[in-house]
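Scroll down for the structure; my scribbles are underneath it.
2 protein chains.
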Amino acid sequence: MALKHTLLAYLARASLSGYEIAKEFEEGFGSCFWRASQQQIYAELAKLEQQGDISYEAIPQPGRLDKKIYSLSEQGRQQLIAWLGQPTEPTVIREDLGVLGLAGHLVPKEVMVREIERRQQLHSQVLLHMRKLETSFTNQESQPELKDVYMHLILRRAIRYQADWVAWCEESLQTIADFSTSDSRSSHNSGSSTHP
Amino acid sequence: MALKHTLLAYLARASLSGYEIAKEFEEGFGSCFWRASQQQIYAELAKLEQQGDISYEAIPQPGRLDKKIYSLSEQGRQQLIAWLGQPTEPTVIREDLGVLGLAGHLVPKEVMVREIERRQQLHSQVLLHMRKLETSFTNQESQPELKDVYMHLILRRAIRYQADWVAWCEESLQTIADFSTSDSRSSHNSGSSTHP
DNA sequence: TTTATGTATTCAAAAACTTGAGTACAAATT
DNA sequence: AATTTGTACTCAAGTTTTTGAATACATAAA
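So the sequence lines, in the order shown, correspond to chains A and V.
Just so you know, we're using my numbering here: the first sequence kicks off at 2 and counts up by one.
Just so you know, we're using my numbering here: the second sequence kicks off at 2 and counts up by one.
Rendered as structure tokens:
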């Protein structure tokens, strides 16, 4: 499991609370490459703390539960470094839209078109968000640290990914439209089963 | 869960055994958009059969367990069609290489370079495989069915995805190399910011 | 002033997924 | 003759992830 190592990696950069990490995963840079729910993060942090990979300083909050600021321990640092030397696995792909492609002939063509258009919008929005995040890297006028170069690289990966989705949607809508026009001879079900 | 619907979608095209579906997911077209283990598939098929979404014909094998050829039932077909109208979720991204990016400064630069090179090779190989699968679509000289157009679209998605990874690896290795050379501060800064 | 949103953590059941087997034989390879 | 690879399915423990809460207050918006 690599959620463990993702958390260690975050704490290698700065000490953070579970809430901050969760937010990072949802909206920040973390959203580029890792998804995890709040509960998952809290559970994993508790486990790592028990195992001694991280420790926390409890910040008393007036009238509510303590805020826990976690820091990487030397043991955690070693664990992380050992893991960094291991080969990585590509993210597991489970793409619902692929399933549509398999069975799309069971529904009207409009269903497919609508869904691809929706996805195009969705990825365009994420792309915009990513590009916004990128400005913090491109605005640096001085020579960046290697640290930041790596982070920028990952962000570039995310930007490419989203841009590629948008381009594919465009291309696919075109392909479907082209098919429709060249569709002169009727037959097959799928969509506009014209006038009865 | 959409493994259910992925299996239904496969069986909407043809009746297949669990083994055949598993192989499809590992090497065939299914590998483009869905990953599932053999055990997962067998378990899910058994469950779907119990629920009446699919049924099987047992083919007796000489001296071993029956081969089960599963077919979609009308109930399953309805389930699938209902699901096809739902909006899709993009695949969950959990990219280990992103974690490297976060904490890469803890290890020598060579570790990062080696890993990116490894990934480039890996994705190149998958890309090659995908392009091979594509020939069955491009070799059709006659006007294809909408069914096949959709499948080709998904394959295009997969090809783009892999090609984009390869391109990113290339770009990233260049960026790291550029950083290294301009690193000894005495030298001219290489202003070519690789990515547009 | 009421309501919504944001901060911050915890609990727990259910579903899904991984890991690592085992069974059994056919066909191809060495 | 012995080994490897491929076909074909099953079992089960263990881990991870999802889903859906509850608590408790602060601050901003309506």
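By construction, the Cβ of each residue, glycine as well, lies at the ideal position given by its N, Cα and C atoms.
These figures come from a predicted structure and were not determined experimentally.
Using beta-carbon positions only, say whether Glu27(A) and Tyr11(A) come within less than 9 Å of one another.
Against a cut-off of 9 Å, the Cβ pair of Tyr11(A) and Glu27(A) comes out as no contact.
For the alpha helix (DSSP H) containing Glu45(A), name the first residue and the last one.
Annotation: the continuous alpha helix (DSSP H) that includes Glu45(A) extends over 39-52.
Which residues, in chain order, does the region 84-105 of chain V contribute to contact with chain A at a C-beta distance below 9 Å?
Within the region 84-105 of chain V, the residues whose Cβ lies closer than 9 Å to some Cβ of chain A are Trp84, Leu85, Gly86, Gln87, Pro88, Thr89, Glu90, Pro91, Thr92, Val93, Ile94, Arg95, Glu96, Asp97, Leu98, Gly99, Val100, Leu101, Gly102, Leu103, Ala104, Gly105, listed in chain order.
Assuming Gly102(V) and Tyr151(A) make a contact with CB atoms under 8 Å, what is their CB distance in whole Å?
Correct: roughly 5 Å between the Cβ atoms.
Taking Cβ-Cβ distances below 8 Å as the criterion, which residues of the region 6-25 of chain A are in contact with chain V?
Residues His6, Thr7, Leu9, Ala10, Tyr11, Ala13, Arg14.
With H, G and I counted as helix, E and B as strand and the rest as coil, what does DSSP make of Arg36(A)?
Three-state DSSP puts Arg36(A) in coil, outside helix and strand.
Quick check: what's the CA-CA separation for Val127(A) versus Leu156(A)?
Spanning the two alpha carbons is a distance of roughly 12 Å.
Using beta-carbon positions only, say whether Leu9(V) and Leu123(V) come within less than 9 Å of one another.
Not a contact, by the Cβ cut-off of 9 Å.
Between which two residues does the beta strand (DSSP E) carrying Gln163(A) extend?
Not the beta strand (DSSP E): Gln163(A) falls in the alpha helix (DSSP H), residues 147-182.
Can you give me, in chain order, the residues of the region 41-53 of chain A that have a beta carbon less than 8 Å from any beta carbon in chain V?
For the region 41-53 of chain A, which is checked against every Cβ of chain V, not one residue is closer than 8 Å.
Mind checking Thr139(V): buried by the 16 CB within 10 Å criterion, or exposed?
Counting C-beta atoms within 10 angstroms of its own C-beta, Thr139(V) has fewer than 16 neighbours from the protein chains shown and is therefore classed as exposed.
Partner residues on chain V for Leu129(A), Cβ-Cβ distance less than 8 Å:
Ordered by position in chain V, no residue passes the 8 Å Cβ test against Leu129(A), which lies about 15 Å from the chain.
Of the residues Glu171(A), Pro145(A), Glu142(A), Leu129(A), which one's Cα is nearest the Cα of Val114(A)?
The residue with the shortest Cα to Cα distance from Val114(A) is Glu171(A).
If you count every other CB in all the chains shown that lies within 10 Å of the CB of Ser173(V), and 16 or more means buried, which is it?
Counting every other CB atom within 10 Å of its CB across the protein chains shown gives Ser173(V) a total of 16 or more, marking it as buried.
Among Gly99(V), Thr92(V), His106(V), the one whose alpha carbon lies nearest that of Arg120(A):
Closest by alpha carbon: Thr92(V).
Spatially closest choice to Val108(A) from Glu118(V), Ser56(V), Leu147(V), by CA coordinates
Of the candidates Glu118(V), Ser56(V), Leu147(V), the one whose C-alpha sits nearest the C-alpha of Val108(A) is Leu147(V).
Do you know offhand how far Ile70(A)'s Cα is from Trp169(A)'s?
Trp169(A) has its alpha-carbon roughly 42 Å from the corresponding atom of Ile70(A).
Note down, in chain order, each residue of its chain lying with its Cβ closer than 8 Å to the Cβ of Arg36(A), except the 5 sequence neighbours on either side.
For Arg36(A), where only same-chain residues beyond five positions count, the Cβ hits under 8 Å are Phe26.
Between Phe34(V), Lys5(V), Ile42(V), Cys33(V), which lies nearest to Ile22(V) when the distance is taken from Cα to Cα?
Of all alpha-carbon atoms in Phe34(V), Lys5(V), Ile42(V), Cys33(V), the one lying nearest the alpha-carbon of Ile22(V) is that of Ile42(V).
With 16 other Cβ atoms within 10 Å as the buried cut-off, status of Met2(A)
The residue in question, Met2(A), is exposed, as its Cβ has fewer than 16 Cβ neighbours within 10 Å.
Under the assumption that Leu98(A) contacts Thr89(V) (Cβ atoms under 8 Å), give the Cβ distance between them as a whole number of angstroms.
5 Å between Cβ atoms; contact.
Is it true that the CB of Met131(A) sits closer than 9 Å to the CB of Ala104(A)?
No, the Cβ-Cβ distance between Ala104(A) and Met131(A) is not below 9 Å.
By DSSP, does Glu58(V) sit in helix, in strand, or in coil?
Of the three classes helix, strand and coil, the one that applies to Glu58(V) here is strand, per DSSP.
Using DSSP with H/G/I as helix, E/B as strand and the rest coil, what is Ile70(V)?
Looking at Ile70(V) - three-state DSSP - the assignment turns out to be strand.
Starting from the beta carbon of Tyr71(V), find every residue of chain A whose beta carbon is closer than 8 Å, and list them in chain order.
What Tyr71(V) touches in chain A: nothing, since even the nearest Cβ is about 15 Å away.
Could you please give the first and the last residue of the uninterrupted alpha helix (DSSP H) stretch that includes Gln122(A)?
In the DSSP assignment, Gln122(A) falls within the alpha helix (DSSP H) that extends over 110-139.
What do you reckon, are the CB atoms on Asp165(A) and Arg95(V) nearer than 9 Å?
It is not a contact, given that the beta carbons lie outside the stated cut-off.
Around the C-beta of Leu129(V), are 16 or more other C-beta atoms found within 10 angstroms, so that it is buried, or is it exposed?
Result: exposed.
Is Asp165(V) close to chain A, meaning its C-beta is less than 9 Å from at least one C-beta of that chain?
Judged by the 9 Å Cβ criterion, Asp165(V) is in contact with chain A.
Taking the C-alpha atoms as reference points, what is the distance between Ser16(A) and Ala44(A)?
Just so you know, the alpha carbons of Ser16(A) and Ala44(A) end up roughly 17 Å apart.
Assuming the contact rule is C-beta atoms closer than 8 Å, Gly19(A) and Leu49(A) should be a hit. Round their C-beta distance to whole Å, please.
Actually they do not touch by this definition, with Cβ atoms about 11 Å apart.
List the residues that DSSP assigns as beta-bridge partners of Leu17(V).
Tyr71(V).
Quick one: which chain A residues come within Cβ less than 7 Å of Ile155(V)?
In chain order, Gly99, Gly102 make up the part of chain A whose C-beta sits under 7 Å from the C-beta of Ile155(V).
For a contact meaning CB atoms closer than 7 Å, what does Val112(A) contact in chain V?
Close partners of Val112(A) in chain V (Cβ separation under 7 Å): Leu85, Gly86.
Spell out the partners DSSP gives Arg65(A) in its beta bridges.
Residue pairing by DSSP places Arg65(A) opposite Gln62(A) in a beta bridge.
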